[in-house]
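Chemist: Have a look at this one.
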Amino acid sequence: MENLSGGDALIRALKDVGVKHIWGYPGGAALHIYDAIYRQEDVVHLLVRHEQAAVHAADGFSRATGEVGTALVTSGPGATNAITGIATAYMDSIPLVVISGQVPSSKIGQDAFQETDMVGVSRPIVKHSFLVTKAEDIPATIAKAYYIASTGRPGPVVVDIPKDVTEPNRKVPYSFPNEVKMRSYQPSDRGHRGQIKRAIKALVSAKRPVIYSGGGVIIDNASELLISVARKLNFPVTNTLMGLGAFPGTDRQFVGMLGMHGTFEANTAMHHADVIFAVGARFDDRVTNELEKFCPFATIIHIDIDPTTVSKNIVADIPIVGTCKSVLAEVLSLLEQSNDEVDQDALSQWWQQIDEWRAKHGIYTASRYEDSYDDTIKPQDVIKTLYNVTKGDAIVTSDVGQHQMFAAQYYLFDRPRQWINSGGLGTMGFGLPAAMGAKLAFPDTDVACVTGEGSIQMCIQELSACSQHNLPVKIINLNNAALGMVRQWQDMQYNSRYSQSVYEESLPDFVALAEAYGHVGIRVTKYEELEEKMRECFAMKDRVVFMDICIDRSEHVYPMHMPGGSMRDLWLSKTERT
Amino acid sequence: MKRIISVLLENEFGSLSRVVGLFSQRGYNIDTLTVAPTDDETLSRMTLTTQGDDQMAEQIVKQLHKLIDTIKVVDLTEGPHIERELMLVKIKASDNESRTELKSCVEIFRGHIIDVTTHTYTIQLTGDSDKLDAFIEAVNTMGIMEVVRSGVTGIARGDKFIRAQ
Ligand SMILES: Cc1ncc(C[n+]2csc(CCOP(=O)(O)OP(=O)(O)O)c2C)c(N)n1
Ligand SMILES: [Mg+2]
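Sequence lines, in order, name chains B and W. Under my numbering, the first residue of the first sequence is numbered 1, with each subsequent residue one higher. Under my numbering, the first residue of the second sequence is numbered 1001, with each subsequent residue one higher.
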């Protein structure tokens, strides 16, 4: 058996678990580890400019690929800077391992320089955490960390390592475990057969069904099965913000996103449904609106890997705990064997009704906003242009705000892992580093970060990391010179009192800023120029391009749930409501 | 309704704080909490009591189970079970009259006087929480100086047991 120092053992263990890239930022407590990184070539480290970005980039990489993302930070401020990134991944169930340096064991608890109780600080936002107390434990701990992060309901795992544990002069025998077995952690897989049979009964007897699918389908790579089940049944499908792409956005059976800014047809269909087939979704408050008024007629079938999610907000009539993949596979095979037929008359009436809703207020069929003209560029048109120019094929990351909702509504995602956004935590600053992670994974695919002038400034320093690591992402800045989503709420609920949502002429010149980082900046102020300049942008395959697009400042995102209402209670524009 | 929940978990760094943190994070109250290693030192056994309706109890059990260190979680209140709490009470006992009265009280409640000074008795009592409450009630006027309660521990009645396989 080979003898390795703790630092070398850590990097070797990362290699043995399959890690190729680490996003990180060095500092005192992590320096032994950084030295170990320097002395090998198997694991590549990408230096960011802020630890939050390291975690978001690892997260974006994970969302794009399905693999576990890895970040490395130092103790104290490095660790606390990583917290927002960890919380973001936690809320969206993204598998990450975040390794943090810690002060030496002998100094823990002494308020040592750069000491923060990382295991304590991160506790409510991790799936699990470890404090490694001796070098001998490193391989087994790393194996466990990746196993826990990636199985069951995935999530971030923190591994905190005191500096003495990675000490170069103390060498210990290295052996990486062949498999991980934990008596306290055995995630369930297959759903209860009896419950699945009950679900089949409910599905085939449905008259107004809706399939409501969420991020779980994407995380579990169950998209193809979802499509097969949906096709077999010919039921309408709606996706959550996190589930976009799990069912093709251009498909006739797709009725759009549901929830606060979901389509009229998706929300209204949910409200009137008699059977809701929820797959890998969690009945989030941004989906349900007022719980008491939620879907009054529906029998609810709920598939989720996490027992705590089932019947947490909405009591499921038919709860099924299991992976989306295994349960959907079983549903499909039982449907194929079943002699029961769906009531086709009822279903075609239901489709007729949905098509009427679509025709009346749909965002794809009817125009839900005024046309762009001259120097009034509508944000919706920017997204449509982006869709056309990238042929619907780009990986789109986003930040948080109106631009995020426009991207979710108007870019029709046809495949899973194409749409990457912070749905659960809603973290401004996520978009650019996430795009870097996605671009690293897919260098030949266009990666566009749809952002706003507010959000982009929360991690804009990463423009520098993009140069260093040659990550030519495209930044599509929907510049409305305001914290637009905040301003929309202020318009709607605070009589347009714009408290702290505008910047009073203090915005930077984004074109010059991009150029200062060595990138290309393009400003668009006229609608006629939009498409041509967007084509120019995406033609520059090897360059980071920052498109600063000056959009209509007064635009709001619609539809929008009315507070305290049911799912069908929507504002459709500034003046119309349901 | 009062719930007694038993948890068997890995005796690992941070496992107790994860349980306690879960309760504050999710807005559940812990009324009492006891924890100690079992015959197998790699395991801790924890008993906690809380208030909640069926749905909340179900969520608490599921959330506890979701913690990676947790091996088993059982809501003891769902079946026949035994609960016990230990209480130590220091109480004024400086004259014969109060000493006699206290002694008879302790006898009725099947407690023990485990320490004596010229001014005080220290009394040990075990039982379910209601019994301990009743004792406090009974001696309340006699000058209680200090009360220490261990919190509830519990075990299922009959052949059922909770153990790591
Ligand atoms: C880190 C963080 N701080 C605050 C918020 C609250 N917030 C949500 S949207 C928004 C405005 C975003 O502005 P911008 O990025 O310009 O996007 P726009 O809405 O204008 O498209 C704010 C402040 C948040 N989501 N994240
Ligand atoms: Mg803005």
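Just so you know, even glycine gets a beta-carbon here, dropped at the ideal spot from N, CA and C.
1) Taking 8 angstroms as the CB-CB cut-off, is B/VAL148 touching chain W?
2) Rounding to the nearest angstrom, what Cα-Cα distance links W/THR1120 and W/ASP1128 in this structure?
3) Should W/GLN1051 be flagged as near chain B, meaning a C-beta pair shorter than 8 angstroms?
4) Assuming B/CYS550 is part of the beta strand (DSSP E), what are its boundary residues?
5) Kindly indicate the opening and closing residues of the alpha helix (DSSP H) around B/ALA79.
6) State the DSSP-derived secondary structure class of B/TYR558, mapped to helix, strand or coil.
7) Closest Cβ-Cβ distance between W/GLU1097 and chain B: below 8 angstroms?
8) Beta-carbon of B/PRO77 versus every beta-carbon of chain W: anything under 8 angstroms?
9) Could you give the distance in angstroms between the alpha-carbon of B/ARG543 and the alpha-carbon of B/ARG63?
10) Quick one: does the C-beta of B/LEU483 sit closer than 7 angstroms to a heavy atom of ligand 2?
11) Would B/VAL97 and B/VAL159 qualify as a contact pair, given that the criterion is a beta-carbon distance under 8 angstroms?
12) Does any heavy atom of ligand 4 sit closer than 7 angstroms to the C-beta of B/THR427?
13) Which same chain residues, not among the five before or five after W/ALA1134, have their C-beta less than 8 angstroms away from its C-beta?
14) Counting only beta-carbon separations shorter than 8 angstroms, does W/PHE1161 have a partner in chain B?
15) Pick out whichever of B/ILE301, B/SER311 and B/ASN313 has its Cα sitting closest to the Cα of B/VAL327.
16) Is B/LYS474 helix, strand or coil by DSSP?
17) Check whether the Cβ of B/LEU471 lies closer than 7 angstroms to any heavy atom of ligand 1, and answer yes or no.
18) For B/HIS192, name the three-state secondary structure that DSSP assigns.
19) Identify whether B/ASN495 lies in helix, strand or coil by the three-state DSSP scheme.
20) Give the residues from the stretch 279-307 of chain B that approach chain W closer than 8 angstroms (Cβ to any Cβ), ordered along the chain.
21) Going straight from the alpha carbon of B/ILE395 to that of B/PHE413, what length do you get?
22) Closest to B/ILE219 by C-alpha separation, out of B/THR323, B/ASN313, B/SER184 and B/ALA206, would be which residue?
23) Sort W/ASP1095, W/THR1118, W/SER1094 and W/ILE1123 by Cα distance to W/GLU1107 and report the nearest one.
24) Whose CA, out of B/ASP8, B/SER75, B/ALA29 and B/THR65, lies closest to the CA of B/VAL43?
25) Do W/LYS1072 and B/PRO307 count as a contact pair if the criterion is CB distance below 8 angstroms?
26) Let me check understanding here. Comparing Cα to Cα, which of B/GLY437, B/PHE538, B/ASN477 and B/TRP357 lies closest to B/ASP446?
27) Work out the CA separation of B/ILE33 and B/PHE546 for me, nearest whole Å.
28) Going by DSSP, what residue range makes up the alpha helix (DSSP H) through W/ILE1124?
29) Out of B/THR80, B/THR133 and B/GLU529, point me to the one whose CA is closest to B/SER105's CA.
30) Are any of the Cβ atoms in chain W nearer than 8 angstroms to that of B/TYR185?
31) Give the residues of chain B in contact with W/GLY1021, contact being defined as C-beta atoms less than 7 angstroms apart.
32) Is the stretch 493-506 of chain B close to the stretch 403-411 of chain B, with three or more CB pairs under 8 angstroms?
33) Please report the distance separating the alpha-carbon of B/GLN110 from that of B/THR116.
34) Can you check the stretch 121-188 of chain B for any beta strand (DSSP E) of at least 3 residues that lies completely inside it and give the ranges in chain order?
35) Does at least one heavy atom of ligand 1 sit under 7 angstroms from the Cβ of B/ASP491?
36) Please report how far the alpha carbon of W/ILE1162 lies from the alpha carbon of W/ILE1004, in whole angstroms.
Modeler: Result, derived from the coordinates:
1) The sequence given here has Ile at residue 148 of chain B, not Val. At least one chain W Cβ lies under 8 angstroms of B/ILE148.
2) Going by the C-alpha atoms only, they are around 25 angstroms apart.
3) Chain B, which has no Cβ nearer than 8 angstroms to the Cβ of W/GLN1051, makes this no.
4) Looking at the DSSP string, the run of the beta strand (DSSP E) that includes B/CYS550 is 545-550.
5) For B/ALA79, the uninterrupted alpha helix (DSSP H) run begins and ends at 77-91, by DSSP.
6) Residue state, collapsed to three classes: coil.
7) Chain B, which has no Cβ nearer than 8 angstroms to the Cβ of W/GLU1097, makes this no.
8) No, B/PRO77 does not count as interfacial toward chain W.
9) B/ARG543 and B/ARG63 have their alpha carbons spaced roughly 23 angstroms apart.
10) Checking the Cβ of B/LEU483 against ligand 2 gives yes.
11) In terms of Cβ geometry, B/VAL97 and B/VAL159 form a close pair [threshold 8 angstroms].
12) The model on display carries ligand 1 and ligand 2 but not ligand 4.
13) Result list for W/ALA1134: PHE1109, in chain order.
14) Output row for W/PHE1161: interface = no.
15) Selected option, being the one with the closest Cα: B/ILE301.
16) The answer is strand: DSSP assigns B/LYS474 an E or B state.
17) Not one heavy atom of ligand 1 falls within 7 angstroms of the beta-carbon of B/LEU471.
18) Here B/HIS192 sits in coil by DSSP.
19) Residue state, collapsed to three classes: coil.
20) Flagged, chain order: ASP306 and PRO307.
21) If I take the Cα positions, the gap works out to 9 angstroms.
22) Relative to the Cα of B/ILE219, the nearest Cα in the group B/THR323, B/ASN313, B/SER184 and B/ALA206 belongs to B/THR323.
23) Ranking W/ASP1095, W/THR1118, W/SER1094 and W/ILE1123 by Cα distance to W/GLU1107 puts W/ILE1123 first.
24) The shortest C-alpha separation from B/VAL43 is found at B/ASP8.
25) For B/PRO307 and W/LYS1072, no; Cβs fall outside 8 angstroms.
26) Selected option, being the one with the closest Cα: B/PHE538.
27) Roughly 35 angstroms separates the two Cα atoms.
28) Looking at the sequence itself, residue 1124 of chain W is Gln, so the reference to Ile does not match. From DSSP, W/GLN1124 is part of no alpha helix (DSSP H) but of the beta strand (DSSP E) over 1120-1127.
29) Checking every option, the nearest Cα to that of B/SER105 belongs to B/THR133.
30) True, the Cβ-Cβ gap to chain W drops below 8 angstroms.
31) Going along chain B in sequence order, the residues near W/GLY1021 (Cβ under 7 angstroms) are ARG123 and PRO124.
32) No, they do not touch.
33) Taking the straight line joining both Cα atoms gives about 10 angstroms.
34) Whole beta strand (DSSP E) segments, 3+ residues: 128-131, 156-162 and 171-173.
35) No, the beta carbon of B/ASP491 sits no closer than 7 angstroms to any heavy atom of ligand 1.
36) Using only the alpha carbons, I get a separation of about 14 angstroms.
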